[in-house]
Structure formats: C-alpha cells, structure tokens
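So the structure is just underneath, and the comments pick up after that.
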DNA sequence: ATTACTTTTTGATCATGTTCAAAAAACGAA
DNA sequence: TTCGTTTTTTGAACATGATCAAAAAGTAAT
C-alpha cells in the first residue's frame with residue numbers, strides 16, 4: 037500500500053492546477069503531458085506517478101465543471117419560476133459552462149460514461165441529482181404529486197442525453213444544442229402537466245422502469 | 037487533383053481487407069497501422085496515403101457492420117410478426133452483430149456521430165432507415181395510420197440511443213444493453229398502440245419536432 | 001523511345017501517451 | 001544519528017499515430 041505524504045498531495049495539486057490552466061489556455065490536444073510536467077517544474081514520469089493517464093486528469097477537470105454548473109445554476113432557480121423556466125435555466129447554464137471546452141466533448145464522454153461506476157461516481161451522481169431536485173422544488177406551480185418524486189431522475193437523464201448530443205454537435209457554436217434545449221424545455225413542461233392523465237402516467241412509468249433496468 | 041489508378045484501388049482494397057482481418061483477430065488496440073501495412077507487404081506511409089487516419093479505417097469497418105446488420109435482420113422481419121417482435125428482432129440482431137467488437141464501441145461512436153457528415157453519411161442514413169421501414173411494414177396488425185409514417189424515424193432514433201448505451205455499457209457481455217432491448221421493445225409497441233389517443237399523439241409530435249430541430 | 005507529368009511508395013522523422021528501473025529524498029524506528 | 005523502508009522523482013526508453021520530402025513506378029502525349 038502506498039501512503040500519500042504531505043509533499044505528495046502538494047505535488048499532485050500542483051500538477052492538477054497546471055493542467056487545468058493549460059487546458060483552459062491551450063485546449064485538449066494542445067495540452068501535452070510533457071507540457072504539464074515541464075510547466076510544473078517536474079519530470080514527465082512524475083506526472084504519471086500521480087495520474088494514471090491524461091484521461092484521468094481530464095476527468096478531474098470535468099468534475100470541476102460539473103461542480104461549477106451546480107454552483108452557478110443553483111442561485112438562478114428562485115422560487116416562483118415556472119418549471120419550464122427552471123429547466124431551461126439549468127440546461128442552458130450547463131451548456132454555458134461547457135461552451136469553452138467543446139473540444140473536450142468526446143474526452144468528457146469517455147470519462148463520464150465509460151468508467152465502471154466506482155464509489156466516486158455515486159457521490160457525483162448524487163450531487164448532480166441535487167440540482168434537478170432543486171429545479172423541481174423551486175417551481176411554481178409545483179408539478180403533479182404523482183410525478184414530483186421521479187421528475188429529478190428524468191430531468192437528469194434528459195440532461196445526460198443533451199450532454200451527449202452537445203459533445204458530438206459540430207454546428208457553429210453548438211447552435212443545435214442550444215436550439216434543442218430551447219425546444220425541449222417547454223416540451224418537458226407540457227409533458228409534466230399531461231402526466232396527470234393516466235395514459236401519460238403509464239408511459240412515464242414505463243420509461244422510468246426502463247431507466248432502472250439500464251442503470 | 038488526384039486520379040485513382042487501377043493499381044490504386046487494388047492497394048487500397050488490400051489494405052482494407054488486411055485491416056478488417058486484423059480487427060477481427062487482434063481487436064482495435066491490437067491492430068496497429070504498422071501491422072496493417074506490414075501484413076499487406078507495404079510501408080506505413082503507404083497506408084496513410086489511402087487512409088487519412090486509423091479512425092477512417094474503423095469507419096469503413098463500422099459501415100460494413102451496419103450493412104451486415106441490415107442484411108441479416110431483413111429476412112427475420114416476416115409478415116405477420118407483431119411490431120414488438122420485429123422491433124426486438126431488429127434491435128437484438130444489431131447487438132449480435134456488434135457483440136464481438138465491443139472494444140470498438142467508443143471508436144464507432146466517434147466515427148458514426150462526430151464527423152461533419154458528408155454526402156456519404158446521407159446515403160448511409162437512408163439505408164438504415166430502410167430497415168426500420170421494413171420493421172413497420174411487415175408488422176401485423178399495422179401500426180395506427182397516424183403514426184405509421186413517422187415510426188421508422190422514431191425507431192431509428194431509439195436504435196441510435198441503444199447503440200450509444202451499448203458502446204459505454206461495461207457490464208458483462210453487454211448484459212445491460214440486452215436487458216434494455218428486451219424491455220424497450222414491448223414498451224415501444226405499447227406506446228404505438230396508445231398513439232391513437234390524441235394526448236399521446238401530441239407528445240409524439242413534440243418529440244418528432246424536437247428531433248427535427250436537432251437533425 | 002523520350003519526355004513531362006501524375007500517381008504510388010518508401011523510409012526517415014516527429015510528437016505524444018505511457019512504462020519502468022533506478023536514483024534521490026523523506027520517513028521512522030533503534 | 002544511523003539504517004532499513006517507503007515514497008517521490010528522474011531520465012531514458014518504447015509504441016504508435018501521423019507527416020513529409022524524395023524516390024520509384026506508372027501514364028500519356030509527341
């Protein structure tokens with residue numbers, strides 16, 4: 037077993053900070069492991085002592101962006117907004133946070149979806165859920181009771197889909213992704229209203245159980 | 037401008053055949069550009085004369101698999117099957133064809149979704165649509181007229197989603213993807229029946245127009 | 001056949017992600 | 001302090017995807 041010394045965490049943090057700075061200035065392809073090491077005043081091998089791969093660094097970067105999405109979107113979700121408004125705000129803020137890093141899209145997908153969901157991923161998911169719970173509970177009028185419970189999960193799933201779409205959206209300024217959000221928000225809100233009807237409710241139940249088999 | 041000579045197409049074909057053979061035996065990571073060249077009795081640079089990148093070769097490989105999906109699934113769609121059966125058959129056959137190449141998942145996604153689609157991709161999409169049209173027209177009873185027209189497109193979209201899911205499905209033997217298909221087929225069939233109801237129909241219309249803004 | 005031109009092929013070279021054995025530094029017990 | 005152990009760091013290597021200038025082979029007109 038390897039015990040992390042104080043100097044250890046410091047070095048790791050240094051590497052990570054350097055990497056994030058380079059990511060922001062040079063982009064994904066432009067940020068080489070050698071550059072991260074050199075810019076930190078360390079050797080290449082040393083970087084690999086703390087990070088198994090470049091993707092692992094990207095993963096930490098991505099986690100930071102998710103965190104940033106959460107903290108910037110949260111205060112926008114003020115009580116009294118319609119559900120549609122809150123959904124649109126949360127989704128658009130997500131795109132806004134990701135916007136400067138579109139080049140990272142496929143890498144983000146790789147790290148966010150691929151990884152044999154470890155414990156960390158569970159914590160992460162719980163955090164993301166929190167935002168969508170907030171979207172729901174701050175909405176007025178509140179969504180029908182029958183669906184209120186499950187709505188955060190559905191919204192989270194929709195966000196994942198939009199995230200995927202964005203990652204491979206090659207339109208100018210990810211315009212198509214924005215259009216998608218713009219149109220999806222009112223549609224989802226309408227769907228929620230309709231969920232009072234038994235037929236619609238059974239469909240939603242089907243979708244939910246489908247999600248659960250897949251998760 | 038470069039004109040392709042007879043020897044040219046021959047060499048290209050040789051490289052491609054070698055690549056496909058190696059892909060099938062050594063996998064994605066195990067098949068190196070050097071190996072493809074050497075096994076073809078050619079130089080590395082020569083391979084790059086005919087293929088811009090390794091991904092481009094993978095893309096051709098993927099197109100072949102899609103073709104194989106089409107030709108193997110088609111005869112299974114016999115008249116008289118229920119819609120659910122046909123959907124399940126087509127989806128499962130898709131997974132079956134892809135199964136030996138799960139390692140290629142992310143690479144397939146990259147080539148299938150990413151690339152600023154040229155004309156070729158349109159042809160490809162039309163072909164894929166054909167299968168789903170067959171799924172619909174061979175079903176008994178035929179789906180409600182109101183939705184019959186749009187159903188192929190919806191099914192195609194669902195298949196893309198399942199394809200994505202499969203690509204990042206790290207469960208044993210892609211078990212979760214199979215479970216997803218198993219549960220999705222009857223659900224979709226139920227949804228189609230319900231589409232006779234105006235409420236459901238409006239939802240489907242919403243989804244369709246959403247797709248169209250995104251495509 | 002000679003010549004001018006185009007297509008194909010090569011071989012060397014680069015850049016970058018990744019690995020690894022060994023040196024250096026830090027640590028902890030005697 | 002000193003010695004053995006562990007953690008950190010280095011520097012050299014490797015493998016592979018990609019590029020490119022120049023050689024070779026092919027083509028077509030005169």
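Chains as they are written, first to last, in this note's numbering: chain L, 37 to 251; chain F, 37 to 251.
Here a beta-carbon is modelled for each residue, glycine too, at the ideal position from N, C-alpha and C.
Let me see if you follow: with CB-CB separation under 9 Å, is residue i close to chain F or not?
i, result
"residue 142 of chain L", "yes"
"residue 206 of chain L", "yes"
"residue 154 of chain L", "Residue confidence for residue 154 of chain L is low, a pLDDT of 48 falling below 50, so the modelled location carries little weight; the figure read from the coordinates is stated next. So, not an interface residue."
"residue 242 of chain L", "yes"
"residue 64 of chain L", "no"
Name the chain L residues that come within less than 7 Å of residue i, Cβ to Cβ?
i, result
"residue 220 of chain F", "246"
Output the distance between the C-alpha atoms of residue i and residue j, rounded to the nearest integer angstrom.
i, j, result
"residue 190 of chain F", "residue 44 of chain L", "53 Å"
"residue 126 of chain F", "residue 51 of chain F", "31 Å"
"residue 163 of chain L", "residue 102 of chain L", "9 Å"
"residue 109 of chain L", "residue 224 of chain L", "19 Å"
"residue 226 of chain F", "residue 188 of chain F", "16 Å"
"residue 53 of chain L", "residue 72 of chain L", "9 Å"
"residue 206 of chain L", "residue 160 of chain F", "19 Å"
"residue 167 of chain L", "residue 56 of chain L", "24 Å"
"residue 39 of chain L", "residue 68 of chain L", "28 Å"
"residue 209 of chain F", "residue 136 of chain F", "10 Å"
"residue 141 of chain L", "residue 204 of chain L", "7 Å"
"residue 107 of chain L", "residue 147 of chain L", "21 Å"
"residue 143 of chain F", "residue 184 of chain L", "38 Å"
"residue 86 of chain L", "residue 74 of chain L", "15 Å"
"residue 99 of chain F", "residue 158 of chain F", "13 Å"
"residue 154 of chain L", "residue 211 of chain F", "Per-residue confidence for residue 154 of chain L stands at a pLDDT of 48, beneath the threshold of 50, marking its modelled position as unreliable; the derived number appears in the next sentence. Each residue's Cα considered, the two are about 18 Å apart."
"residue 92 of chain L", "residue 248 of chain L", "28 Å"
"residue 234 of chain L", "residue 61 of chain L", "52 Å"
"residue 113 of chain L", "residue 149 of chain L", "27 Å"
"residue 104 of chain L", "residue 80 of chain L", "29 Å"
"residue 66 of chain F", "residue 111 of chain F", "34 Å"
Nearest chain L C-beta to residue i closer than 9 Å, yes or no?
i, result
"residue 176 of chain F", "no"
"residue 249 of chain F", "yes"
"residue 42 of chain F", "no"
"residue 48 of chain F", "no"
"residue 186 of chain F", "no"
"residue 197 of chain F", "yes"
"residue 236 of chain F", "yes"
"residue 163 of chain F", "no"
"residue 215 of chain F", "yes"
"residue 146 of chain F", "yes"
Is it the case that the Cβ atoms of residue i and residue j are separated by a distance below 9 Å?
i, j, result
"residue 145 of chain F", "residue 200 of chain F", "yes"
"residue 180 of chain F", "residue 228 of chain F", "yes"
"residue 138 of chain L", "residue 192 of chain L", "no"
"residue 131 of chain F", "residue 198 of chain F", "yes"
"residue 76 of chain F", "residue 117 of chain F", "no"
"residue 221 of chain L", "residue 96 of chain L", "no"
"residue 250 of chain F", "residue 134 of chain L", "no"
"residue 82 of chain F", "residue 41 of chain F", "no"
"residue 218 of chain F", "residue 70 of chain F", "no"
"residue 214 of chain F", "residue 128 of chain F", "yes"
In chain F, what lies closer than 7 Å to residue i by C-beta?
i, result
"residue 212 of chain L", "250"
"residue 201 of chain L", "250"
Among the options, which residue has its Cα nearest to the Cα of residue i?
i, options, result
"residue 58 of chain L", "L:40, L:148 and L:94", "L:94"
"residue 49 of chain L", "L:128, L:222, L:78 and L:239", "L:78"
"residue 115 of chain L", "L:172, L:183 and L:64", "L:172"
"residue 182 of chain F", "F:237, F:202, F:131 and F:210", "F:237"
"residue 165 of chain L", "L:208, L:196, L:177 and L:147", "L:196"
"residue 122 of chain L", "L:170, L:185 and L:98", "L:170"
"residue 178 of chain L", "L:232, L:157 and L:248", "L:232"
"residue 241 of chain L", "L:84, L:186 and L:194", "L:186"
"residue 246 of chain F", "L:92, L:194, L:80 and L:248", "L:194"
"residue 90 of chain L", "L:112, L:104, L:105 and L:64", "L:64"
Anything in chain F within Cβ reach of residue i, meaning under 9 Å, just list it in chain order.
i, result
"residue 89 of chain L", "Under the 9 Å cutoff, chain F gives no residues; its nearest Cβ is about 14 Å from residue 89 of chain L."
"residue 239 of chain L", "223, 226, 227, 230, 236 and 239"
Since residue i meets chain L, which of its residues come closer than 8 Å, beta carbon to beta carbon?
i, result
"residue 150 of chain F", "142, 204 and 206"
"residue 97 of chain F", "Here the premise fails: no neighbours, minimum Cβ distance about 19 Å."
Using a cut-off of 8 Å between C-beta atoms, extract the partners of residue i located in chain F.
i, result
"residue 233 of chain L", "235"
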